[in-house]
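Note sheet for the following structure.
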Amino acid sequence: MILLFCLIFFTLLCIGLPIFYVLGITAIVMIGFHSNTPLLMIPEVMYNSLYSFPLMAIPFFVISAQFMLRGGTSKYLINAADTYVRHLRGGLAIVCVLSCMVFAAICGSSVATAMALGVVIIPAMAARGYPRYFATGVVASSGTMGIMIPPSVALILYGIIAEESIPRLFLAGFLPGMLEASLYIMWITYYSKKNNWMGGERASFSEMATATYKAIPAFAMPVIVLGGLYSGIVTVTEAASLAAVVAIVISLFIYQEVKITQLIPISAEAMKSAGMIMAIISTAIVFGNWITEAGIPARLVKIATDIELTPFMFLLFINFFLLFLGMFLEVVSIMLITLPVIMPVIRHLGIDPIHFGIIMTVNMEVALITPPVGLNLYVLSGVSGAPLSEVVRGAFPFVILGLIEIAIITYWPAYTLFLPNLFMGK
Numbered sequence: 054m055i056l057l058f059c060l061i062f063f064t065l066l067c068i069g070l071p072i073f074y075v076l077g078i079t080a081i082v083m084i085g086f087h088s089n090t091p092l093l094m095i096p097e098v099m100y101n102s103l104y105s106f107p108l109m110a111i112p113f114f115v116i117s118a119q120f121m122l123r124g125g126t127s128k129y130l131i132n133a134a135d136t137y138v139r140h141l142r143g144g145l146a147i148v149c150v151l152s153c154m155v156f157a158a159i160c161g162s163s164v165a166t167a168m169a170l171g172v173v174i175i176p177a178m179a180a181r182g183y184p185r186y187f188a189t190g191v192v193a194s195s196g197t198m199g200i201m202i203p204p205s206v207a208l209i210l211y212g213i214i215a216e217e218s219i220p221r222l223f224l225a226g227f228l229p230g231m232l233e234a235s236l237y238i239m240w241i242t243y244y245s246k247k248n249n250w251m252g253g254e255r256a257s258f259s260e261m262a263t264a265t266y267k268a269i270p271a272f273a274m275p276v277i278v279l280g281g282l283y284s285g286i287v288t289v290t291e292a293a294s295l296a297a298v299v300a301i302v303i304s305l306f307i308y309q310e311v312k313i314t315q316l317i318p319i320s321a322e323a324m325k326s327a328g329m330i331m332a333i334i335s336t337a338i339v340f341g342n343w344i345t346e347a348g349i350p351a352r353l354v355k356i357a358t359d360i361e362l363t364p365f366m367f368l369l370f371i372n373f374f375l376l377f378l379g380m381f382l383e384v385v386s387i388m389l390i391t392l393p394v395i396m397p398v399i400r401h402l403g404i405d406p407i408h409f410g411i412i413m414t415v416n417m418e419v420a421l422i423t424p425p426v427g428l429n430l431y432v433l434s435g436v437s438g439a440p441l442s443e444v445v446r447g448a449f450p451f452v453i454l455g456l457i458e459i460a461i462i463t464y465w466p467a468y469t470l471f472l473p474n475l476f477m478g479k
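With my numbering applied, the sequence shown covers 54 to 479.
So this is what it looks like as structure tokens:
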């Protein structure tokens, strides 16, 4: 059975079929040969898997990301951050990291963050004499914070699959996001000093005030959305719909970078992206149901018990496994394929599922800048016109920093769980 599963799954994957076809066809064949579930039940399972109120948050955050991407928000964020730190060595690269942090707290998407910032900041970095490989590497890597800093589509998806509290996951993502940004800024400062890249002229107070005033709508959006969520006024799904409405208002009426005539095309593009995610989710649920029915998670738990596997060794193995998968699959697919299998083992070993959610997300961040399938690498190659090898060269030091972060997050759970335990109890 396992041999047949591997043969079908990896054959379909290697011939280049979209992942929801790979999951769907594999599940149908395995259910047909090795399950008592009628095949006619599969469409019903797929439909019911999407009938979820928390899952509705994903399309709303995708809409928010699309409008913030087109609405000029990144330009105002970069201008404001530039007035704060441009006098430092590597100032514009640090601006990129800070801007990505704020943009990530607006849209919850890594690709949207990298694309929105890359269009504006790469030409600006080139104009100030930064090498293109360095500029593209900084943007590609900083953009990965889009799936860590809340609100994050990846954390929402993890919360739904693992049946864990999404607000707790959001709180758990804050400090790791700050750690990641700090590591990036330290590397940028060191590398800029090594290459003798001097900072620019210090901005005047009036220049800072003007840039900050123009960026207030962008700064206010994460405060409104996350403030509403943690004050208990709105649920995660309601917060996502609020984010979409605020993004549309900012883009249409405040920054006026989007015209009324663009409303439907941008929304359609967002729905296309959201539809792809939903298709993957629905087929992955069927796939996961077969895995559970086949008893694979139970077998893994038994193996872990028989060999007296420790949490330390399991987390070490799972990190290597996730990093390996990240070289060939994209983030959503990895989460949907692996979580139904490994969550029973996680709980059996006494590993906090919230902590593991952040471990997995950090691994997915590294996957986004790891060739050959690192999505952010291709996005920045397209945005900048640089060959992929050049973007990979620029991102490589940040992959190393990502591995350091994985080690810290994995074996220092108190750091990740500090905010959730402080504000929501243990």
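Heads up, the beta-carbon is just placed ideally off N, CA and C, and yes, glycines get one too.
Status (buried if at least 16 other CB within 10 Å, exposed otherwise) for residue i
i      : result
Ala153 : Going by the sequence as given, residue 153 is Cys instead of Ala. So Cys153 counts as buried.
Asp135 : buried
Tyr243 : exposed
Arg142 : buried
Gln309 : exposed
Pro405 : According to the sequence provided, residue 405 is Asp. The question's Pro does not apply to it. Buried.
Tyr464 : exposed
Asn416 : buried
Glu260 : exposed
Gly144 : buried
Glu97  : exposed
Glu15  : As shown, the chain starts at 54 and ends at 479. That puts residue 15 outside it, with no answer to give.
Met201 : buried
Ser386 : buried
Tyr183 : buried
Gly348 : exposed
Tyr266 : exposed
Ile356 : exposed
Arg221 : buried
Phe258 : exposed
Residues of its chain near residue i, where Cβ-Cβ distance is below 8 angstroms and the 5 sequence neighbours each way are ignored
i      : result
Leu295 : Ile277, Val278, Gly281, Val287
Leu103 : Met331, Ile334, Ser335
Met99  : Ser335, Thr336, Ile338, Val339
Phe113 : Thr290, Ala293, Ser294, Ala296, Ala297
Met251 : Arg142
Arg446 : Tyr186, Gly190
Leu232 : Glu458, Ile461, Ile462, Tyr468
Glu322 : Gln119
Ser320 : Ile116, Gln119
Coarse secondary structure for residue i, derived from DSSP in three states
i      : result
Thr136 : helix
Gln309 : coil
Ala256 : coil
Val385 : helix
Lys246 : helix
Lys479 : coil
Met198 : helix
Gly143 : coil
Gly125 : coil
Ala225 : helix
Val444 : helix
Val426 : coil
Gly403 : coil
Val287 : coil
Ile349 : helix
Phe106 : coil
Tyr183 : coil
Ala357 : helix
Glu217 : coil
Trp465 : coil
Met178 : helix
Ile72  : helix
Gly435 : helix
Gly161 : coil
Close-in-space but distant-in-sequence residues of the same chain around residue i (CB under 6 angstroms, 5 per side omitted)
i      : result
Leu66  : Val75
Leu421 : Ser163, Thr197, Gly427, Leu428, Asn429
Ala264 : Asn132, Ala133, Thr136
Pro368 : Sequence inspection shows Leu at residue 368; the Pro mentioned does not correspond to that position. Same-chain partners within the cutoff: Thr463.
Gly341 : Pro393
Sequence-distant residues of its chain with Cβ nearer than 7 angstroms to residue i (five each side left out)
i      : result
Phe451 : Gly190, Ser194, Tyr237, Ile422
Ile130 : Reading the sequence as shown, one finds Leu at residue 130 and not Ile. Closer than 7 angstroms at Cβ, skipping near neighbours: Ser152, Val155, Phe156, Ala268, Ala271.
Ile399 : Pro406, Phe409
Glu443 : Arg185, Tyr186, Thr189
Met168 : Leu122, Val432, Val436
Cβ of residue i within 8 angstroms of any chain B Cβ
i      : result
Ala293 : This model lacks chain B altogether, as it is built from one protein chain only.
Counting Cβ pairs closer than 8 angstroms, one from the region 314 to 327 and one from the region 55 to 73, do we hit at least three?
-> no
Counting Cβ pairs closer than 8 angstroms, one from the region 302 to 319 and one from the region 123 to 134, do we hit at least three?
-> yes
Should the region 437 to 446 be called in touch with the region 394 to 403, which here means at least 3 C-beta pairs below 8 angstroms?
-> no
Mind the definition here: the region 179 to 187 touches the region 218 to 227 only if three or more C-beta pairs lie below 8 angstroms; say whether that holds.
-> no
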